[in-house]
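Enquirer:
Residue numbers (my numbering): 214 to 343.
1) Measuring alpha carbon to alpha carbon, tell me which residue in 265, 264, 250 is nearest residue 258.
2) Rounding to the nearest angstrom, what Cα-Cα distance links residue 226 and residue 232 in this structure?
3) Going by DSSP, what residues sit across from residue 291 in a beta bridge?
4) Just the Cα atoms here: how many angstroms apart are residue 341 and residue 267?
5) Answer yes or no: do residue 313 and residue 283 have a C-beta to C-beta separation smaller than 7 Å?
6) Which of helix, strand or coil does DSSP assign to residue 226?
7) For residue 229, I'd like the list of residues in its chain whose CB is within less than 8 Å of its CB, leaving aside the five on either flank, ordered along the chain.
8) With 16 as the cutoff for other CB atoms within 10 Å, does residue 264 come out buried or exposed?
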């Protein structure tokens, strides 16, 4: 069993869902995710080309089990009153940011400070169960 850490910074957008969707598209199109069946360590005779669509990606049993170790493993942003579940992300509230980082507004400049904080306190994302 393993785990990975990843984070992203995108230009500010008022529309959180739009920013999330654009980031997911960018990560997929740039192949900035883990694709085990195409890795050098995968037996050459069994190696697969990169998927052309997310449906093709998630149709592969390997990815269903291990994920992509990227934002592609998160499928939904949930509201402030909803409980996090597998493959969901919940926006950090101003109160949480103040409590954890001492500021109500998270900025790109504060990313270094964030690295020392438990990710669940900031992102509150949970990857899908195998």
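Beta carbons: idealized from backbone N, C-alpha and C, even for Gly. Source: prediction; values computed, not measured.
Expert: From the atom records:
1) Of 265, 264, 250, the residue nearest in Cα terms is 250.
2) 6 Å
3) 303
4) The predicted model places residue 341 with a pLDDT of 44, which falls under 50 and marks its position as unreliable, so this point remains unresolved.
5) no
6) If DSSP states are grouped into helix, strand and coil, residue 226 belongs with coil.
7) Annotation for residue 229: 290, 304 place their beta carbon closer than 8 Å to its own, counting only its chain and skipping 5 residues before and after.
8) With 16 or more neighbouring CB atoms inside 10 Å of its own CB, residue 264 falls in the buried class.
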